[in-house]
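*Asks:* Oh and the sequence shown: position 58 is 58 in our numbering, straight run, nothing missing.
Can you keep this structure in mind? I'll have questions shortly.
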Amino acid sequence: MTPLLVPTRVSVRPAVPDDASSIALVEAASWAAAYSDLLPAQVLEHYTAPGRWRTWQSMLRAGGPELAFVAEDDLGVVGYASFGPTRDTLSRRAGFAGELYTLYVLPDSQKRGIGRELFREVQDCLSANGQVSVVVWMLKGGPALNFYRRMGGRRLWERQSRLFGHRLNELALGWRELG
Numbered sequence: 001m002t003p004l005l006v007p008t009r010v011s012v013r014p015a016v017p018d019d020a021s022s023i024a025l026v027e028a029a030s031w032a033a034a035y036s037d038l039l040p041a042q043v044l045e046h047y048t049a050p051g052r053w054r055t056w057q058s059m060l061r062a063g064g065p066e067l068a069f070v071a072e073d074d075l076g077v078v079g080y081a082s083f084g085p086t087r088d089t090l091s092r093r094a095g096f097a098g099e100l101y102t103l104y105v106l107p108d109s110q111k112r113g114i115g116r117e118l119f120r121e122v123q124d125c126l127s128a129n130g131q132v133s134v135v136v137w138m139l140k141g142g143p144a145l146n147f148y149r150r151m152g153g154r155r156l157w158e159r160q161s162r163l164f165g166h167r168l169n170e171l172a173l174g175w176r177e178l179g
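The structure is reproduced here in structure tokens:
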């Protein structure tokens with residue numbers, strides 16, 4: 001019988017361009033697991049690791065304004081979060097300076113506190129840069145709602161957007177004060 005490999009403690013660090021392929025793999029696996037019942041197959045087809053690698057490579061090489069952290073254990077990168085200045089007018093007008101753009105953890109690595117650690121790192125970085133409030137937009141009906149509520153997020157607004165020609169319903173949660 002082969003012994004089980006039990007991952008050790010997770011560490012969080014700033015993402016670098018060499019992390020692009022690992023981030024793309026986490027993103028593709030997370031989208032497939034989280035959104036297969038919520039999004040049409042045509043949308044999910046755009047979220048493959050090879051397709052997303054180029055996007056992440058470009059973003060990580062640019063060096064901002066979007067920033068990212070990765071979470072890794074002995075097996076490699078198991079999660080990531082990206083964030084930066086608020087991108088939408090509604091959130092800016094309401095006083096939200098920062099935005100959590102994405103936060104994903106591999107399905108097999110969830111329920112280990114990795115998302116919480118990533119979120120705390122994002123909060124610390126935004127706070128250190130004077131952005132004391134943050135908003136996150138998520139797919140309405142998505143599995144992350146309970147996570148963000150446990151992290152203290154408060155429901156703000158809903159909107160409709162388009163992704164690859166398909167209409168999506170989104171929900172915003174916010175934190176007025178980080179910490």
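Backbone N, C-alpha and C define an ideal beta-carbon position, used for all residues, glycine too.
Since the structure is predicted, the reported quantities are computational estimates derived from the model, not experimental observations.
Can you find the residues in the same chain that come closer than 6 angstroms, C-beta to C-beta, to residue 61, ignoring five residues on each side of it along the sequence?
*Replies:* On the sequence shown, position 61 is the one that residue 61 refers to. Excluding sequence neighbours, residue 61 sits near 17.
*Asks:* If you compare alpha carbons, which of 112, 129, 134 is closest to residue 96?
*Replies:* Position 96 of the sequence shown holds residue 96. If we check each option's Cα against that of residue 96, 134 comes out closest.
*Asks:* Say whether the region 72-88 touches the region 111-120, bearing in mind that this needs 3 or more beta-carbon pairs closer than 8 angstroms, one atom from each stretch.
*Replies:* Yes: the two stretches touch, three or more of their Cβ pairs being nearer than 8 angstroms.
*Asks:* Is the separation between the beta-carbon of residue 155 and that of residue 126 shorter than 8 angstroms?
*Replies:* Within the sequence shown, numbered from 1, the residue matching residue 155 stands at position 155. Within the sequence shown, numbered from 1, the residue matching residue 126 stands at position 126. No, the pair does not count as a contact, with Cβ atoms beyond the cut-off.
*Asks:* Less than 8 angstroms separating the beta-carbons of residue 106 and residue 26?
*Replies:* For the purposes of this step, residue 106 is taken as the residue at position 106 of the sequence shown. For the purposes of this step, residue 26 is taken as the residue at position 26 of the sequence shown. Result yes, Cβ atoms of residue 106 and residue 26 sit closer than 8 angstroms.
*Asks:* Which class does residue 161 belong to by DSSP, given the choice of helix, strand or coil?
*Replies:* Here residue 161 refers to the residue found at position 161 when the sequence shown is read from its first residue. In this structure, residue 161 counts as strand in the three-state DSSP scheme.
*Asks:* Three or more C-beta pairs closer than 8 angstroms, one from the region 42-52 and one from the region 149-169: is that the case here?
*Replies:* The region 42-52, when compared against the region 149-169, does touch it at the 8 angstroms Cβ threshold.
*Asks:* Look at residue 47 and residue 68 and say whether their C-beta atoms are less than 8 angstroms apart.
*Replies:* Taking the first residue of the sequence shown as position 1, residue 47 is located at position 47. Taking the first residue of the sequence shown as position 1, residue 68 is located at position 68. Cβ atoms of residue 47 and residue 68: not closer than 8 angstroms.
*Asks:* With burial defined as no fewer than 16 other Cβ atoms inside 10 Å of the residue's Cβ, what is the status of residue 128: buried or exposed?
*Replies:* Reading the sequence shown from its first residue, position 128 is the one you call residue 128. By the neighbour-count rule (16 or more Cβ atoms within 10 Å), residue 128 is not buried but exposed.
*Asks:* Looking at the unbroken beta strand (DSSP E) that takes in residue 171, where does it start and where does it end?
*Replies:* Position 171 of the sequence shown, counted from the start, is the residue given in the question as residue 171. That run of the beta strand (DSSP E) goes 166-175.
*Asks:* Since residue 53 and residue 32 are thought to touch, with beta carbons under 8 angstroms apart, how far apart are those beta carbons, to the nearest angstrom?
*Replies:* Start at 1 with the first residue of the sequence shown, and residue 53 comes out as number 53. Start at 1 with the first residue of the sequence shown, and residue 32 comes out as number 32. Residue 53 to residue 32, Cβ: 16 angstroms. No contact.
*Asks:* Can you tell me the Cβ-Cβ gap for residue 15 and residue 70, rounded? I've got them flagged as a contact below 8 angstroms.
*Replies:* Looking up residue 15 in the sequence shown gives position 15. Looking up residue 70 in the sequence shown gives position 70. Sure, about 5 angstroms apart at Cβ, within 8 angstroms.
*Asks:* Compute the beta-carbon to beta-carbon distance between residue 34 and residue 142, rounded to the nearest angstrom, for a pair I have assumed lies under 8 angstroms.
*Replies:* Within the sequence shown, residue 34 is the residue found at index 34, counting from 1. Within the sequence shown, residue 142 is the residue found at index 142, counting from 1. About 6 angstroms; that satisfies the 8 angstroms criterion.
*Asks:* So residue 75 is in the alpha helix (DSSP H); what residue range does that whole segment cover?
*Replies:* Taking the first residue of the sequence shown as 1, we reach residue 75 at position 75. Unbroken run through residue 75: none, as it is neither H nor E.
*Asks:* Could you tell me the distance, in whole angstroms, from the CA atom of residue 72 to the CA atom of residue 39?
*Replies:* Translated into the one-based positions of the sequence shown, residue 72 becomes position 72. Translated into the one-based positions of the sequence shown, residue 39 becomes position 39. Going by the C-alpha atoms only, they are around 28 angstroms apart.
*Asks:* For a minimum of 3 consecutive residues, which ranges assigned as the beta strand (DSSP E) are wholly contained in the region 106-154?
*Replies:* Counting only runs of 3 or more, we get 134-139.
*Asks:* Name the two residues that bound the continuous alpha helix (DSSP H) containing residue 26.
*Replies:* The count along the sequence shown starts at 1 and reaches residue 26 at position 26. Here the alpha helix (DSSP H) through residue 26 covers 20-35.
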